[in-house]
Every structure is written in C-alpha cells, then in structure tokens.
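Asker: Got a structure for you, questions after.
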C-alpha cells in the first residue's frame with residue numbers, strides 16, 4: 001500500500017466519530033505510524049504501540065489459524081477483528097503488508 005493510500009485510510013478512520021488513536025505496523029511488527037497514544041517517559045506513546053503491535057499480530061495469527069482450521073473453505077482470510085470492553089473498542093484491520101488498529105471510545109448515553 002503506497003504511503004498516500006495509507007494516509008487516506010488514516011484520514012477516513014480518524015474521521016469516524018470517537019476514534020481517538022491508531023497504530024499502523026508492517027508484517028514484521030514494526031510500527032510505521034501512530035497517533036493519540038499516552039506518552040511514557042517522553043516517547044510519544046511509541047513503546048505502547050510496539051507492545052500493542054506484537055500482541056495484535058499474535059492475536060491476528062491465532063484468529064487466522066482458527067478460521068482456517070474451523071471454517072470452510074480453508075483459505076478464508078481474517079479481514080477485521082473488533083474487540084469491545086466497557087471503555088473502548090479496538091478495531092483491527094489486517095492486510096497483506098500492513099495492519100491497522102484503531103481505538104474507539106463508545107458513545108456516551110445522554
């Protein structure tokens with residue numbers, strides 16, 4: 001995915017209501033872009049993003065293997081994962097060369 005295409009995807013995702021942060025990493029788990037993560041020791045959130053990239057890459061691999069083992073046909077690919085907690089929702093979009101993770105805060109009830 002060329003750089004300007006990545007920028008377009010990031011713009012579209014960040015325009016979604018209540019998306020507060022994102023990270024994009026390559027298939028080797030190297031963080032390429034990120035925004036909105038809490039800073040630890042002045043690193044701008046980079047360490048947290050590296051940790052998240054490793055954890056999410058592992059999760060995507062396990063989910064992909066599980067889908068191939070359990071669902072027919074076996075060449076199904078995971079396109080999106082959504083994980084919801086009480087305070088956040090994590091949207092994971094794995095691709096051939098890059099994975100994007102966006103964090104969305106749930107809408108507050110009036």
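Numbering (full-length UniProt numbering), first residue to last: 1 to 110. No residue lacks a Cβ here, since even glycine has one placed at the ideal position from N, Cα and C. Owing to the predicted nature of the structure, the values given are computational and were not obtained by experimental measurement.
(1) Report the rounded CA-to-CA distance for residue 35 versus residue 21, giving the unit in angstroms.
(2) Apart from the five residues on each side of it in sequence, which residues of its chain come closer than 7 Å, Cβ to Cβ, to residue 67?
(3) Whose CA, out of 54, 105, 14, lies closest to the CA of residue 90?
(4) Is it true that the stretch 12-26 meets the stretch 86-101, where meeting means three or more beta-carbon pairs spaced less than 8 Å apart?
(5) Look at the Cβ atom of residue 73, then the Cβ atom of residue 81, and state whether they are nearer than 9 Å.
(6) Please report the distance separating the alpha-carbon of residue 5 from that of residue 98.
(7) I need the boundaries of the alpha helix (DSSP H) containing residue 46, first residue and last residue.
Answerer: This is what the structure holds:
(1) 5 Å
(2) 76, 78
(3) 105
(4) yes
(5) no
(6) 12 Å
(7) 46-70
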